[in-house]
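Read through the structure below, which is laid out as structure tokens, and then see the notes.
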Ligand SMILES: Nc1ncnc2c1ncn2[C@@H]1O[C@H](COP(=O)(O)OP(=O)(O)OP(=O)(O)O)[C@@H](O)[C@H]1O
Ligand SMILES: [Mg+2]
């Protein structure tokens, strides 16, 4: 579905990612893990065309997206949902309007059912009765969930989540994990989830991509990760096991 | 295999059967059918979803619309036979079938609102009063008791509020001086006493115009900046962080600004006074044809120490207004980034209003006492 090859990216002179290559398969949940600052958000921004890579290629359904103009990128982005690390909710409009925004922009559905869809997505994340509130008045975890609802507003084919469960209590985080799985199962969404949360990874990941020092140090299933002898991988996956 | 909504004939109580996928276009058709049935007086509408093997959000939204429509007209809409993924999806969104409850708003009686506003205003005045006391304590008394002033930030603030404002303050007062001189020259020409323009300009600027113009310029520059900075610090929890580290907010944030503006505004006003009078000079010499000495004599003759003192006192009061209003609005901001802009606007408007009111109080004091 997405094929990344030879991708190098960074900010100005500062190279963050070096020669990255991997595939994302339809219907899978791929988690991207790695220590803070290793470039997960950078990878995500390159994947959705918000940043142009220095080198390399990114193909969606066989089509190269690096170097596309804005209009072509926007057409592609209609099939993509993104929930940003900082939520990126608009504080000047209500929660319901935030979720409705992509629907209004895309003009894909009738005006009168936009509020219905918006509320439907909010109830998906368990926030059906906060529609009229302003984002300012929500807790951190609730904002995360609104961002989540907005990301799936357009029934995207692939959704990128940048740390969906950071700052959430384990119960809510588990609820979101279940939701990601359910959306994948029901709507056949492909999900790319950046996360630090080991419990979350064990709950949802079909495959794990691990970044360190700008390179992929591991890519594979969970069992494979548990068997891996690489010290970097071990350091991540063995956390919490030392205390028997 | 049909991929369309199957709709049975007009038979009133027969179920509507759906086949294939329910998406936006099928949903529209479904909605029309349901509306038709309701118009025909049907109270009980069945939708059979057994033939459905896929549904997307717009499709589901039309189902919800239809369900609500039936309810609204006093009827019922039953969904039956959903299988597999469709059933699971509908289960997931079940909560959103009923229309959202209207947001709770306490009922309001306008008179109660008035009383409430009065209380709020009172509380604001009290809070502002406390702010003045705290600021005075941390600016003047605490340093005397040997508890440190934050010199570095004081100097930074003086640079920001004072030095950087000199240019604009001088320019605006100079231009105003020219304008006032032109206005009065046109009138005084009728009586042949254009030399009195010099008196008018110097008295006007000493008592009134320099302090007022400078106050307004500084409130727009520094008053707004104070509010924006403190509001941002409040919103992004920096103020809370300070408090949690045991720092005194008044000492840390307010005292340097308070001192800085109390030093700067009178000095800026003095600069404004000089440049305003210079504006009058420019007109008198270059347009009205007086000599420098003649204009200078007239100016010196007209102005008294009392006039200068009046301007000085005003500028001190304006300084206190600007810093207190600025800090007050900055620190009591609630909500997210948007609140920062709102607080800033409110602070500047209130600054200018209070400056004019204070000016009026002064003017009447001097008018009726003198
Ligand atoms: N706008 C930017 N300009 C310059 N450098 C940046 C910028 N954004 C991020 N970086 C740098 O790129 C590197 C990777 O940042 P990135 O945000 O991708 O990390 P991350 O893996 O998402 O970390 P975290 O888990 O903390 O979110 C960091 O070292 C950071 O300093
Ligand atoms: Mg990140």
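Protein chains in written order, with our numbering: chain R, 1 to 244; chain E, 1001 to 1370. All C-beta atoms, glycine included, are put in the ideal place defined by N, C-alpha and C. Bear in mind the structure is a predicted one, so any value in this text is a computation, not a measurement.
Residue i (DSSP reduced to helix, strand or coil)
i, result
"residue 244/R", "Residue confidence is low: residue 244/R scores 48 on pLDDT, short of 50, so the model does not pin down where it sits. Its coordinate-derived value is still stated next. Looking at residue 244/R - three-state DSSP - the assignment turns out to be coil, as it is neither helix nor strand."
"residue 1263/E", "helix"
"residue 1357/E", "helix"
"residue 210/R", "strand"
"residue 1139/E", "helix"
"residue 1247/E", "coil"
"residue 1001/E", "Caution applies to residue 1001/E, whose pLDDT of 39 falls short of 50 and renders its modelled position unreliable; the value that the coordinates give is listed next. Residue 1001/E falls in the coil class under three-state DSSP."
"residue 22/R", "strand"
"residue 1304/E", "coil"
"residue 4/R", "strand"
"residue 1339/E", "helix"
"residue 1348/E", "helix"
"residue 1009/E", "The pLDDT assigned to residue 1009/E is 43, lower than 50, so where the model puts this residue is not dependable; a value taken from the coordinates is nonetheless given after this. Three-state result, residue 1009/E: coil."
"residue 137/R", "helix"
"residue 15/R", "strand"
"residue 83/R", "strand"
"residue 1074/E", "coil"
"residue 215/R", "strand"
"residue 1193/E", "coil"
"residue 41/R", "helix"
"residue 33/R", "strand"
"residue 108/R", "coil"
"residue 27/R", "coil"
"residue 69/R", "coil"
"residue 238/R", "coil"
"residue 1328/E", "helix"
"residue 53/R", "coil"
"residue 155/R", "coil"
Pair within 8 Å by beta-carbon distance, residue i and residue j
i, j, result
"residue 84/R", "residue 147/R", "yes"
"residue 1358/E", "residue 1321/E", "yes"
"residue 144/R", "residue 168/R", "yes"
"residue 124/R", "residue 130/R", "no"
"residue 1355/E", "residue 1318/E", "yes"
"residue 1057/E", "residue 136/R", "no"
"residue 30/R", "residue 182/R", "no"
"residue 1181/E", "residue 1284/E", "yes"
"residue 157/R", "residue 79/R", "yes"
"residue 1336/E", "residue 1235/E", "yes"
"residue 1256/E", "residue 1315/E", "no"
"residue 1047/E", "residue 1077/E", "yes"
"residue 164/R", "residue 195/R", "yes"
"residue 1157/E", "residue 1260/E", "yes"
"residue 1068/E", "residue 1099/E", "yes"
"residue 153/R", "residue 102/R", "yes"
"residue 4/R", "residue 22/R", "yes"
"residue 1353/E", "residue 1276/E", "no"
"residue 236/R", "residue 226/R", "no"
"residue 119/R", "residue 96/R", "yes"
Residue i: contacting residues in chain E (beta-carbon distance under 8 Å)
i, result
"residue 139/R", "None at all; the shortest Cβ gap to chain E is about 13 Å."
Bridge partners - residue i, DSSP secondary structure assignment
i, result
"residue 64/R", "59/R"
"residue 1048/E", "1017/E, 1080/E"
"residue 1220/E", "DSSP lists no partner for residue 1220/E."
"residue 162/R", "194/R"
"residue 220/R", "208/R"
"residue 9/R", "17/R"
"residue 1054/E", "1021/E"
Residue i: contacting residues in chain R (beta-carbon distance under 8 Å)
i, result
"residue 1234/E", "The premise fails here: residue 1234/E is roughly 13 Å from chain R at the closest Cβ pair, so nothing lies under 8 Å."
"residue 1085/E", "185, 186"
Contacts of residue i in chain E (Cβ-Cβ under 9 Å)
i, result
"residue 91/R", "1335, 1336, 1337, 1338, 1339"
Interface residues of chain R facing residue i [CB-CB closer than 7 Å]
i, result
"residue 1057/E", "117, 120, 155"
"residue 1095/E", "123, 128"
Chain-ordered neighbours of residue i on chain R, where CB pairs are closer than 9 Å
i, result
"residue 1343/E", "Residues of chain R passing the Cβ test: none, with the nearest at roughly 13 Å."
"residue 1088/E", "182, 185, 186"
"residue 1024/E", "108, 109, 110, 113"
Taking a cut of 9 Å between CB atoms, which residues from the stretch 120 to 135 of chain R lie near chain E? Result list: 120, 121, 122, 123, 124, 126, 128, 129, 131, 132, 133, 134, 135.
When Cβ atoms are compared, which residues of the stretch 158 to 185 of chain R fall closer than 8 Å to chain E? Those residues of the stretch 158 to 185 of chain R that come within reach of chain E (Cβ to Cβ, closer than 8 Å) are 182, 185.
Under 7 Å, CB to CB, which of the residues in the stretch 1057 to 1079 of chain E have a partner in chain R? Of all residues in the stretch 1057 to 1079 of chain E, 1057, 1058, 1060, 1061, 1062, 1064, 1065 have a Cβ within less than 7 Å of some Cβ in chain R.
Of all the residues that make up the stretch 93 to 112 of chain R, which are near chain E by a beta-carbon distance shorter than 7 Å? Result list: 109.
Please list, in chain order, the residues of the stretch 1124 to 1151 of chain E that have any C-beta partner in chain R closer than 9 Å. Under the 9 Å Cβ criterion, the stretch 1124 to 1151 of chain E contributes no residue.
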